[in-house]
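In order, the protein sequences belong to chains A and B.
Number 29 in this note's numbering belongs to position 19 of the first sequence; there are no gaps in the numbering.
Number 153 in this note's numbering belongs to position 68 of the second sequence; there are no gaps in the numbering.
In what follows, a structure is listed as structure tokens, so that the remarks can point back to it.
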Amino acid sequence: MKKLLMITAALAAAGFAHADMPSVEGSNVVGFAAVTAPGGKNTIITVPFEACMSSGTAGMLNDLVATSGLTSHSSDPALADQLVVLTTNGAAQVYYYYYNDTEDGWTAITSAMLMPDGSSQALTPPAATNFPIARGLGFWVKRVASVDSTLYVKGQVSEGKQATPISAGLNLIGYGAVEPFSLNSVDWTGAYGFGGISATTDRILVGNGDGTYSTYFYYVKKDGGSSYYDQFTNKWVKSTSTGPVLPSTQIPAGQGFWYHRRGTGGFTFRPEGQ
Amino acid sequence: MKKAVFIALLLALGAAFSSQAVVIGWAVESLPAEAAMARLIYVADGSQPSLDGSGNWSAGVELVSGYVSGSAIDGSTLYPQETTDAQTRSSGAYYVVLFNAAFTEYAVSSTAAAYNDAAAVSTGDFDPITGYFTPTTFTDFAVIPVPEPSTAMLLIAGVAVAALRRSKRA
């Protein structure tokens, strides 16, 4: 008898709870991606989501990167994990730095910090709550802790195709996918290569987690070159001491990379096609 | 005693900093026809290196990369290489050395990449390579000197004596 009463009570409670849940409006689905952030290292991450948790608004840095599991500090940025975003300030490329403040989450660092050109500058970045992060943009996580952690990026899963503008020079980007991918498995229409690997061949730099990179070149065979090189043409290759090789590893979901556009002009990276 | 500990600590810190690796990007786009192999070397005083009569490099030379060969050389192009130098240098320069297929001749790049070349030398995550040291001219190919026969004989005799002693001990 008691058992029957308990089951009835449980069913009633479930019915009330269901009635209290707000209905989901629109077709947006919330997603999470877990990215390994090694302790004491820098990792490039990218957000595979279009918008933040607040439906209908642009994705802001503060909303997209969860601070859970990361190191915070109440006042000293050097003792906390940091986010570093590559952006432009006028014509110059600059880094905006944010640290994980114990009370306030991602907080702008206004003291002098290292810039892409090697200089040290004090800047005033916008608040992380007001810094839009488009899907496919890459940025750094600088970890101070000695233990590895998992970083969670979150937002609304987009049904649209990614379109990330790439301009001449260095671009910090990624493929906003929730699955690991191979460089040669996505659409790179617009990538530039010439003469095997030349001074204007585009490059991709994937961090190894130890301060070094694995560099890949967009290979286009030389006119009249040996047929041996046919296997590499219009593909990303690694240049080794014995010749080009195709990449053997996949890039984890959520990990970003440098795209070095070496020719003039840019293009729009559309990994899923037009 | 405290002073000694402090100095030891400073030395350890100095060693840690001086051992920080850098990555040097290099390539060749107008390779001489004779070239079949290449390697990157570091010269402490930055002057152009050469081999002496015994086949030894001039003072201050350190071999930084292994040999680059095979399909890495496509016609007149030596495809870009990224070589890690375990030392962070405070002076000197990097040169490219070429060798012929028979390994009997060598040539040295006429220009060098300074130890702190902003484009070709990477010091870490936030400072990726943005350009490759790409020398376009080289010295004429010169014969790689081999040790005099007498020197070679002495060397062989020395090795033989050492081997004999080892076998007797065993």
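Ideal placement from N, C-alpha and C gives every residue a C-beta, glycine not left out.
| query | result |
| --- | --- |
| Beta carbon of A:T252 nearer than 8 Å to that of B:G138 | no |
| Against chain A: residues of the region 198-222 of chain B by CB proximity under 9 Å | A203, S207, T208, G209, D210, F211, D212, P213, I214, T215, G216, Y217, T219 |
| Inter-residue Cα distance where the pair is A:R280 and B:A144 | 53 Å |
| Whole-angstrom distance between A:D114 and A:G165, CA atom to CA atom | 20 Å |
| Chain A contact residues for B:E167, given Cβ-Cβ distances below 7 Å | T225 |
| Cβ-based contacts, 8 Å cut-off: residues of the region 243-255 of chain A near chain B | S249, T250, S251, T252, G253, P254 |
| Contacting positions in the region 138-157 of chain B - beta carbon closer than 8 Å to chain A | S150, G151, Y152, V153, S154, G155, S156, A157 |
| Whole-Å CB distance - B:T162 paired with B:E114, under 8 Å assumed | 5 Å |
| Where A:T120 falls, given that 16 or more other Cβ within 10 Å makes a residue buried | exposed |
| Sub-8 Å separation of A:G264 and A:L182 beta-carbons | no |
| Reference B:E167; option with closest CA among A:G273, A:Q241, A:L215, A:S258 | A:L215 |
| Nearest neighbour of A:P135, chosen from A:S129, A:Y105, A:M125 [CA to CA] | A:Y105 |
| Within-8 Å CB hit, B:V113 to chain A | no |
| Cα-Cα separation, B:G140 to A:S258 | 40 Å |
| Reduced DSSP category for A:Y162 - H, G, I as helix; E, B as strand; rest coil | strand |
| Cβ of B:Y164 within 8 Å of any chain A Cβ | yes |
| Coarse secondary structure for A:S121, derived from DSSP in three states | coil |
| Residues near A:G50 by beta carbon distance below 8 Å, same chain, minus five either side | R153, V154, A155, S156 |
| Per-residue contacts from B:V108 into chain A (C-beta, under 9 Å) | G221, T222, Y223 |
| Inter-residue spacing [alpha-carbon to alpha-carbon] between B:G206 and A:Y202 | Here the sequence assigns Val to residue 206 of chain B, which means Gly is not the residue at that position. Distance between the alpha carbons of B:V206 and A:Y202 is about 24 Å. |
| Residue from A:P126, A:Y162, A:Y239 with nearest C-alpha to A:G79 | A:Y162 |
| B:A171 classed as buried or exposed, judged by whether at least 16 other C-beta atoms fall within 10 angstroms | exposed |
| Per DSSP, cross-strand counterpart(s) of B:E190 | B:V228 |
| Residue-level contact to chain A via CB, B:D170, 8 Å cutoff | no |
| Contact under 8 Å by Cβ, A:A90 with A:D111 | yes |
| Between the CA atoms of B:T189 and B:A245 - distance to the nearest angstrom | 27 Å |
| Option in A:K232, A:V230, A:N194 with minimal Cα separation from A:I261 | A:N194 |
| Cβ-based burial, A:N52 [other Cβ within 10 Å; buried from 16] | buried |
| Beta strand (DSSP E) segment containing A:L93, residue limits | 92-99 |
| Below-8 Å beta-carbon distance, A:H270 vs any chain B residue | yes |
| CA-to-CA distance, A:G41 to A:F59, given in whole angstroms | 7 Å |
| Assigned secondary structure, A:Y228 (DSSP; H/G/I helix, E/B strand, else coil) | strand |
| Alpha-carbon spacing of B:A227 relative to B:L136, whole angstroms | 9 Å |
| Where B:V246 sits in the DSSP three-state scheme | helix |
| Rounded separation between B:F208 and A:W198 - CA only | The displayed chain sequence assigns Thr, not Phe, to residue 208 of chain B. Looking at the two C-alpha atoms, the distance is approximately 29 Å. |
| Identity of the residues DSSP links to A:N110 by a beta bridge | A:W116 |
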